[in-house]
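Inspection log for the structure reproduced underneath, given as structure tokens.
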Amino acid sequence: MRDVAPRAVTTICRALQEQIEHGLLASGSQLPAERKLSEVFDTTRITLREALGQLEAQGLIYREERRGWFVSPPRLAYNPLVRSHFHAMVAGQGRVPATEVLSARLLPAPVEICELLELPALSSVIQIRRARRIDGRLVLYVEHYLNPSYFPGVLDFDLTLSLTELYASEYGIHYGRVRFDMVPTALHSEAAAALKVAVGSPALRIVRINRDQHGRIIDCDLEFWRHDALHVSVEVPE
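As numbered in the numbering used here, residues -17 to 220 make up the sequence shown, in order.
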């Protein structure tokens, strides 16, 4: 009897995976309610949720708080070596980008940000918090930290647009050398709330430290991507 639940989980996972792979459950479509799925597979909610959790870990489905389960759309191809920005990268792959500004303000720099931007103690930074969507789906929560010395008046501009293009058009600043750090993580409360998922959900954390054309550290980004949203692919030239 102890093998029944594991076998049931495997059966449910295989059945849903086949439906997804053959297009019967389309990308972005919502799965039936858990009660209905439990009836379909003649199983308990506990066993069903274990199966759904395994499929979520594989990136095949995802859950939104208070809305239910959905089939994951194709991952976005992400190449850190390519000079681009979110809207251009998403649109270039035939997808629809959107950005929402959650907050934008001048504040005392946290210790981590002082270190990343090489600022002295008790410095101020501009923090811009944004949530970003692909085809209407929330996929990215990002905190931008700008050295205010280089961007006077930046809070007066439309910050739903590309900061890369704003830097160039209004300040004559272009990105130079960039450092990336990527680690798997669990979403903290602010990121989880912005992405409408449970606290502790898996994510990819990308920290970018950006220098301008003169080699000055001008800003840094703390990005939190849904774990099933990205496919990181890098080709290193000879």
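Built from N, CA and C at the ideal position, the CB exists for glycine as well.
Here the structure is a predicted model, which is why all the values come from computation and not from measurement.
Are the beta-carbon atoms of G158 and D194 separated by less than 8 Å? Walking along the sequence shown from the start, residue 158 turns up at place 176. Walking along the sequence shown from the start, residue 194 turns up at place 212. Yes, Cβ-Cβ distance for G158 and D194 is below 8 Å.
Beta-carbon proximity of Y44 to V214, cut-off 8 Å: Here residue 44 is taken as the residue at index 62 of the sequence shown, counted from 1. Here residue 214 is taken as the residue at index 232 of the sequence shown, counted from 1. Not closer than 8 Å, so no.
What number of angstroms, rounded off, separates the C-alpha of C96 from the C-alpha of A113? Reading the sequence shown from its first residue, position 114 is the one you call residue 96. Reading the sequence shown from its first residue, position 131 is the one you call residue 113. Rounded to the nearest angstrom, the two C-alpha atoms are 23 Å apart.
Taking a contact to mean a Cβ-Cβ separation below 8 Å, would you say L30 touches L19 in this structure? Along the sequence shown, read from residue 1 onward, the residue named residue 30 stands at position 48. Along the sequence shown, read from residue 1 onward, the residue named residue 19 stands at position 37. Contact: yes.
Reduced DSSP category for L169 - H, G, I as helix; E, B as strand; rest coil: Stepping through the sequence shown from its first residue, residue 169 is reached at position 187. Looking at L169 - three-state DSSP - the assignment turns out to be coil, as it is neither helix nor strand.
Between the alpha carbons of A168 and L42, how many angstroms are there, rounded? Looking up residue 168 in the sequence shown gives position 186. Looking up residue 42 in the sequence shown gives position 60. Each residue's alpha carbon lies about 18 Å from the other.
Which of helix, strand or coil does DSSP assign to D201? What you label residue 201 is simply residue 219 of the sequence shown in a count that begins at 1. Strand, per DSSP.
Can you give me the start and stop residues for the beta strand (DSSP E) that F23 sits inside? By one-based count along the sequence shown, residue 23 stands at place 41. Segment: none, F23 is in no beta strand (DSSP E) and carries neither H nor E.
Going by C-alpha to C-alpha distance, which of R208, Q109, E94, A173 sits closest to A103? Position 121 of the sequence shown, counting from 1, holds the residue named residue 103. Of the listed residues, the one whose Cα sits closest to A103 is E94.
Straight-line CA distance for Q40 to H209? Within the sequence shown, numbered from 1, the residue matching residue 40 stands at position 58. Within the sequence shown, numbered from 1, the residue matching residue 209 stands at position 227. Cα to Cα, the separation comes out at about 9 Å.
If you follow the beta strand (DSSP E) that V83 is part of, which residue opens it and which one closes it? The residue labelled residue 83 in the question sits at position 101 within the sequence shown. Residues 79 to 90.
Starting from L186 and walking both ways along the beta strand (DSSP E), at which residues does that stretch end? Counted from its first residue, the sequence shown places residue 186 at position 204. First-last of the beta strand (DSSP E) with L186: 184 to 194.
Buried or exposed, going by whether 16 or more other CB atoms sit within 10 Å of the CB of H156? Locating residue 156 in the sequence shown gives position 174, where the first residue counts as 1. H156 is exposed by the Cβ-count criterion.
What are the residues that DSSP puts in a beta bridge with V107? Looking up residue 107 in the sequence shown gives position 125. Paired residues: L89.
Relative to the C-alpha of V(-9), which candidate in D24, A8, L58 has its C-alpha closest? One-based indexing of the sequence shown puts residue -9 at position 9. It is D24 whose Cα lies nearest to the Cα of V(-9).
If you compare alpha carbons, which of L98, R48, Y153, N129 is closest to V189? As a working note, residue 189 is residue 207 in the sequence shown. It is L98 whose Cα lies nearest to the Cα of V189.
Residue ranges of each alpha helix (DSSP H) within the segment 24 to 58, 4 or longer: 27 to 39
Our contact map puts F139 next to L148 with C-beta atoms below 8 Å; I'd like the distance itself, whole angstroms only. Taking the sequence shown and counting its residues from 1, one reaches residue 139 at position 157. Taking the sequence shown and counting its residues from 1, one reaches residue 148 at position 166. With a Cβ gap of about 6 Å, F139 and L148 count as contacting.
Within the same chain, show all residues whose beta-carbon is closer than 7 Å to that of A15, passing over the 5 residues directly before and after it, in chain order. Within the sequence shown, residue 15 is the residue found at index 33, counting from 1. The residues are G50.
Would you kindly work out how many angstroms separate the C-alpha atoms of H4 and L58, rounded to a whole number? To locate residue 4, count along the sequence shown from 1; it is residue 22. To locate residue 58, count along the sequence shown from 1; it is residue 76. Distance between the alpha carbons of H4 and L58 is about 20 Å.
Quick check on V216: does DSSP put it in helix, strand or coil? Taking the sequence shown and counting its residues from 1, the one referred to as residue 216 is at position 234. Note: V216 maps to coil in three-state DSSP.
Does any residue of chain B have a CB that is nearer than 8 Å to the CB of F68? Here chain B cannot be found, since the structure has a single protein chain.
Pull up the distance between the alpha-carbon of G118 and that of G135, whole angstroms please. The residue you call residue 118 lines up with position 136 of the sequence shown. The residue you call residue 135 lines up with position 153 of the sequence shown. Distance between the alpha carbons of G118 and G135: 30 Å.
What did DSSP end up calling E97 once you bin it into helix, strand or coil? Here residue 97 corresponds to residue number 115 of the sequence shown, with the count starting at 1. It is helical.
Excluding the 5 residues preceding and the 5 following V22 in the sequence, name in chain order all residues of the same chain whose CB lies nearer than 8 Å to its CB. Taking the first residue of the sequence shown as 1, we reach residue 22 at position 40. Only P14 meet the Cβ criterion.
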